[in-house]
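**Student:** Position one of the sequence shown corresponds to residue 101 (the numbering used here), numbered consecutively onward.
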Amino acid sequence: MVLMKFIRGFFGWCWRILNWARKALINLVFLLVVVSVIIAISTQEQGPQFEEGALVLTIDGRIVEQTRAIDPMSQFFKEAMGSRDEEPEILLADVIRVIDNARHDRRVKALVIDAGKMMPSGLSKLQEIGAALDEFKTADKPVIAIGDWYSQDQYYLASHADTVLMNPNGMLMLEGYGAYQLFFKSMLEKLKVSTHVFRVGTYKSAVEPFIRDDMSDAARLANQQWLNDLWQLYLQDVATQRGLTRDALNQSIHDYANLIEQHDGNSAQLAMTMGLVDELTSRQQMRNFVGDIVGYDDDHHSFKQINFKSYLDLTRHDIVKPPHQDQVGIVVAKGVIMNGYQPAGKIGGDSTARLLRQARYDDDIKAVVLRIDSPGGSAFASDVIREEIDELKKAGKPVVASMSSSAASGGYWIAAPADKIVASPATITGSIGIFGMLTTFENSLAHIGVHADGVGTTPLAGFSPARPLNESFERVIQKSIEHGYQQFLQLVASNRDMTVEQVDNVAQGRVWSGMRAKELGLVDELGDLNTAVSAAAELAGLDKYDVNVVEKPLSERDKLLQAIFGQAQAMLPADSSFNDANAPLINLAKRILDHPALSAQWNDPGHTYALCLQCGI
């Protein structure tokens, strides 16, 4: 009896402690919300302050065409508690807007590139930022790159600086481009999983990880070509910025192992010898270097500066000119193409089609640019989007497809019906092909003593992953895949003024670089998003117009939360400069773990896909 009384008392005491902690946490959250509202209201008119100094282009995360949907309240509390997104995203349009605004801003005396936390983002996006940096320099304002370490993508931006500074203990290594995949055939065999693959196209290698343990010769040939194209573009851009020759730079990279031995393993000194870095300096010396140009901030023991996030917020407070009534609408299609409705930052057949339909019924929008950054995905969803593009054209609104880092397979499917296709030379596109895949586990289950049996009225009845795939079902799927491929060929042929045979010769699932695609007639013009917007305006006969990004309208709740927490976020301290020394290793690990073949985003109702797995280098 005494024991039971003690137990009841103990658990009662534990419950009171937990209940008190729960109430305290709820009250704390409520208090933070109230404080956030007060801060938002009090700073709404004032906004961030900046007198003069350097703009520090702190790019923390992956540069994307569209950020994924994040609840503003969750994001605020995550940042307030000092928690960092595992994979933060920065809008490409925001980066370019900030650089362009700073070029005209008299308060900005210099631009400092601090890309140490930038994640791999795609060469085409880097080229657009590089072009904006080159424009910035025409205002006779210096650009300085600072960093402890430079990855390949980070260095591409740094090469556009007038002066590149690096830590004497840092490292800079340009490793080139590669398309290496994980292959699962042996693993699936050991697990006794039956993989049923249906495909059309000699080069349609998206299914190879499931049926091979290595890359086929056809895939190796095709991948090597477009990788070489991108690498030559990278080398040429960097060599031009640094006053080097492309061949000499390429030779130094190929001979890097011998050169590093000659420099006793000192990568920083080798970077100086190769002409990639101007000075090796400590962090304090970097601060002094910039401070001598823009002045010092004694309160923060550094140079006068404003960071990227604060300056972006500052530009949003600037007075804008009255809008023109005529608009070019931009619909962003970023990510794997999936069926149904998907949140911002992903492509959904229904959700992206809805945005196109929204642009069609907006009387102010006279032309549309479909900005694509996608390796493809669901064939059904791709065709749902294609239908809406056709409806836009029927409504008399020209459509221009603008290809970002990738617009392959399903990404090309939704680009093909556009009135004009604009791609970056470094775009990964093509991959015109179809595949389907089903896995069954009859052997795996039998191995552990589980069997499926029964009766059906037809040979097609009773499909289950627990049963073998019968021959009739296989024939049906294969014919569906072949029909899908012919549909793809016909779509391209009818919109590109080509015959089906001509398209088939450059299709077969083969991937091309943007500059090669233009030579083959798959692309009309090489250029960036601005090129595509100008082309759309010209097709619509517009002389004066505004650009409007077409987005799903916010609910009243979302508007309120964004107003409150968007303002409050600006009050949080900015992350410190200089990059993490282990960032290259972290990025490598994430690339391995985030292999597209392991994705759970395949939801095509017919199990039919136009997808390029190797396009995400």
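We put the beta carbon where it would ideally sit given N, CA and C, even for glycine.
Looking only at C-alpha atoms, which of E571, N267, V550 and G549 sits nearest to T558?
**Tutor:** Here the closest residue by C-alpha is E571.
**Student:** Our contact map puts T99 next to R575 with C-beta atoms below 8 Å; I'd like the distance itself, whole angstroms only.
**Tutor:** This structure gives no information on residue 99, because the portion of the chain shown stretches from 101 to 717.
**Student:** Could you tell me which of F150, R116 and A710 sits nearest to D413, measuring between CA atoms?
**Tutor:** Checked all of F150, R116 and A710; the closest Cα to D413 is F150.
**Student:** When the Cα atoms are used, what is the spatial distance from T345 to V338?
**Tutor:** Taking the straight line joining both Cα atoms gives about 9 Å.
**Student:** Can you check whether the CB of Q405 is closer than 8 Å to the CB of A154?
**Tutor:** In contact: A154 and Q405 (Cβ atoms closer than 8 Å).
**Student:** Can you say whether D253 is buried or exposed, counting buried as having 16 or more other CB atoms within 10 angstroms of its CB?
**Tutor:** That one is buried.
**Student:** What distance in whole Å lies between the Cβ atoms of S504 and E187, which are believed to be in contact at a cut-off of 8 Å?
**Tutor:** Actually they do not touch by this definition, with Cβ atoms about 18 Å apart.
**Student:** Here's a check: name, in chain order, each residue in its chain whose Cβ is nearer than 8 Å to the Cβ of V550, leaving out the five neighbours to either side.
**Tutor:** The answer, listed in chain order, is A566.
**Student:** Whole angstroms is fine: what's the gap from A279's alpha carbon to L330's?
**Tutor:** So the alpha carbons of these two residues sit roughly 12 Å apart.
**Student:** Leaving out the 5 sequence neighbours to the left and right, which residues in its chain are closer than 7 Å to P498 when beta-carbon positions are compared?
**Tutor:** So the qualifying residues of the chain are A467, D519, A636, L639 and A640.
**Student:** With DSSP as the reference, label N269 as helix, strand or coil.
**Tutor:** Coil, per DSSP.
**Student:** E379: which of N269, P653, G556 and T263 sits nearest, CA to CA?
**Tutor:** Closest option to E379, Cα to Cα, is T263.
**Student:** Indicate whether the contact test is met: 3 or more Cβ pairs, each with one atom in the segment 474-486 and one in the segment 426-437, closer than 8 Å.
**Tutor:** Enough Cβ pairs lie closer than 8 Å, so yes.
**Student:** Assuming V390 and A210 make a contact with CB atoms under 8 Å, what is their CB distance in whole Å?
**Tutor:** Contact flag correct, Cβ pair sits at about 7 Å.
**Student:** Count the other CB atoms, across all protein chains shown, that sit within 10 Å of the CB of I159; report buried if there are 16 or more and exposed otherwise.
**Tutor:** It counts as buried.
**Student:** Candidates I521, T529, I353 and I489: which alpha carbon is nearest A507's?
**Tutor:** Looking at the Cα atoms, T529 is the closest of the given residues.
**Student:** Exposed or buried, which one is Y256 when buried takes at least 16 other CB atoms within 10 Å?
**Tutor:** With 16 or more other Cβ atoms within 10 Å, it is buried.
**Student:** Which runs of the alpha helix (DSSP H), 4 residues or longer, sit entirely within the segment 509-577?
**Tutor:** With a minimum length of 4 residues, the continuous alpha helix (DSSP H) runs that stay inside the segment 509-577 are 510-513 and 542-547.
**Student:** Going by Cα to Cα distance, which pick from G445, F535 and D317 is closest to A169?
**Tutor:** Nearest C-alpha to A169: G445.
**Student:** Would the segment 312-321 and the segment 230-237 be scored as touching if the rule is three or more Cβ pairs under 8 Å?
**Tutor:** No, the segment 312-321 is not in contact with the segment 230-237.
**Student:** For R471, which residues does DSSP report across the bridge?
**Tutor:** Per DSSP, V432 and S502.
**Student:** So, with DSSP's three-state summary, where would you put Y280?
**Tutor:** Note: Y280 maps to coil in three-state DSSP.
**Student:** For the beta strand (DSSP E) containing A322, name the first residue and the last one.
**Tutor:** First-last for A322: D317 to R342, but that is the alpha helix (DSSP H), not the beta strand (DSSP E).
**Student:** For L282 and I532, I'd like the C-alpha separation in whole angstroms.
**Tutor:** Roughly 22 Å between the two C-alpha positions.
**Student:** I need the boundaries of the beta strand (DSSP E) containing E407, first residue and last residue.
**Tutor:** According to the sequence shown, residue 407 is Asn rather than Glu. Looking at the DSSP string, the run of the beta strand (DSSP E) that includes N407 is Q405 to N407.
**Student:** Taking all protein chains shown into account, decide if K579 is buried (16 or more other Cβ within 10 angstroms of its Cβ) or exposed.
**Tutor:** Burial call: exposed.
**Student:** Per DSSP, which one or two residues make a beta bridge with D397?
**Tutor:** Per DSSP, S402.
**Student:** Have a look at the DSSP bridge pairing and note the partners of N350.
**Tutor:** None; N350 has no bridge partner.
**Student:** Grouping DSSP H, G and I as helix and E and B as strand, with all else coil, what is K740?
**Tutor:** Lying outside 101 to 717, the shown extent of the chain, residue 740 is not represented and no answer is given.
**Student:** Taking all protein chains shown into account, do 16 or more other C-beta atoms lie within 10 angstroms of the C-beta of K400, making it buried, or fewer, making it exposed?
**Tutor:** Just to set this straight, residue 400 is His in the shown sequence, not Lys. Exposed is the call here.
**Student:** Is there a Cβ of chain C sitting closer than 8 Å to that of D519, yes or no?
**Tutor:** Note that chain C does not occur in the displayed structure, where there is just one protein chain.
**Student:** Kindly identify the DSSP beta-bridge partner or partners of A648.
**Tutor:** The question names Ala, but residue 648 in the sequence shown is Asn. Note: N648 sits in a beta bridge opposite G429.
**Student:** From this set, V484, Y250, A523 and I244, which residue's C-alpha is nearest A261's C-alpha?
**Tutor:** Nearest option by C-alpha distance: I244.
**Student:** So, is T452 buried or exposed, given that buried needs 16 or more other C-beta atoms within 10 angstroms?
**Tutor:** Buried, since its Cβ has 16 or more Cβ neighbours within 10 Å.
**Student:** What is the C-beta distance between F563 and F573, in whole angstroms, given that I count them as a contact (C-beta under 8 Å)?
**Tutor:** F563 to F573, Cβ: 6 Å. Contact.
**Student:** Out of L560, S594 and I548, which one is the CA nearest neighbour of A515?
**Tutor:** Ranking L560, S594 and I548 by Cα distance to A515 puts S594 first.
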